[in-house]
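To start, the structure itself, in structure tokens.
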Ligand code: CDP
Ligand code: MG
């Protein structure tokens with residue numbers, strides 16, 4: 172059980188805030204709270220409760236090949252959301268197929284799998300991140316723009332940098348989750364609980380035996 176801090180009233184930029192729910196390990200992790208380790212629940216009516224969300228963002232291989240990482244991160248920072256997990260990852264076929272399992276019956280499915288695995292761009296890696304904060308899913312989707320880069324508003328990330336290939340595939344630079352169940356499924360698919368610095372979803376401890384893994388020599 173997380174140790175609860177005494178409820179404190181603080182004055183913070185003219186708003187009253189409460190500090191709640193400190194983690195058993197001090198400030199190392201936060202349960203559904205501020206990534207710095209403190210859950211800040213503002214009082215007042217202007218802010219809807221429980222709108223904190225997490226969303227998976229992937230900079231796809233075309234984004235990496237076009238050296239867009241900096242631009243994309245800068246655009247995403249406009250949202251004031253926080254990055255609570257990030258890694259560069261080589262996408263296995265299993266991960267790609269699981270991620271895009273809702274597209275399995277599409278004629279472009281195999282091309283899509285090649286795309287996310289980097290086979291179309293000689294960049295066999297993607298950058299995967301979890302963004303956290305108020306209304307994160309919609310705010311990132313809005314900034315990303317429509318799936319079809321030709322239809323996306325030109326001020327959006329996909330509208331600025333996406334293209335349609337000669338085979339008709341939308342190379343649209345980033346992936347972002349489109350709703351809460353998808354964000355949960357995708358966060359759990361791409362990240363282990365200990366790779367995310369908040370605990371957005373329940374976790375449990377399991378004891379594994381006879382596990383062989385690579386460690387630093
Ligand atoms: O990525 P998003 O959630 O906006 O769209 P999706 O419908 O989940 O599709 C996943 C990905 O498949 C897109 O991001 C595109 O790369 C690709 N796609 C495509 O190439 N052509 C389509 N007509 C639809 C999707
Ligand atoms: Mg989607």
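Numbering (my numbering), first residue to last: 172 to 388.
Note that beta-carbon positions come from the ideal geometry of N, C-alpha and C, so glycine has one too.
- Straight through space, the alpha carbons of residue 344 and residue 238 are spaced by roughly 11 Å.
- When secondary structure is reduced to three states using DSSP, residue 315 falls in the helix class.
- Distances between the C-beta of residue 226 and the heavy atoms of the ligand MG are all 8 Å or more.
- By alpha-carbon distance to residue 230, the top candidate from 242, 222, 385 is 242.
- By the criterion of a C-beta distance shorter than 7 Å, residue 361 is surrounded in its chain by 227, 299, once the five residues flanking it on both sides are discounted.
- DSSP places residue 270 in the uninterrupted alpha helix (DSSP H) bounded by 264-270.
- At least one heavy atom of the ligand CDP lies closer than 8 Å to the C-beta of residue 349.
- Separation of residue 279 and residue 286 (C-alpha to C-alpha, rounded to the nearest whole angstrom) is 10 Å.
- Taking a C-beta distance under 9 Å as the contact criterion, residue 289 and residue 261 qualify as a contact pair.
- Sequence-distant Cβ neighbours of residue 315 in its own chain, meaning closer than 7 Å and more than five residues away, are 327, 328, 329, 345, 347.
- Relative to the ligand CDP, the beta carbon of residue 331 is positioned no closer than 8 Å to any heavy atom.
- Under the three-state reduction of DSSP output, residue 360 falls in the helix class.
- Per DSSP, the beta bridge partners of residue 224 are 304.
- Between residue 308 and residue 351, the C-beta spacing is below 9 Å.
- Contact check for residue 321 and residue 335: beta-carbon distance about 6 Å, within the 8 Å limit, so the pair qualifies.
- Between the alpha carbons of residue 268 and residue 277 lies a distance of about 12 Å.
- Nearest to residue 331 by alpha-carbon distance, out of 234, 223, 224, 225, is 234.
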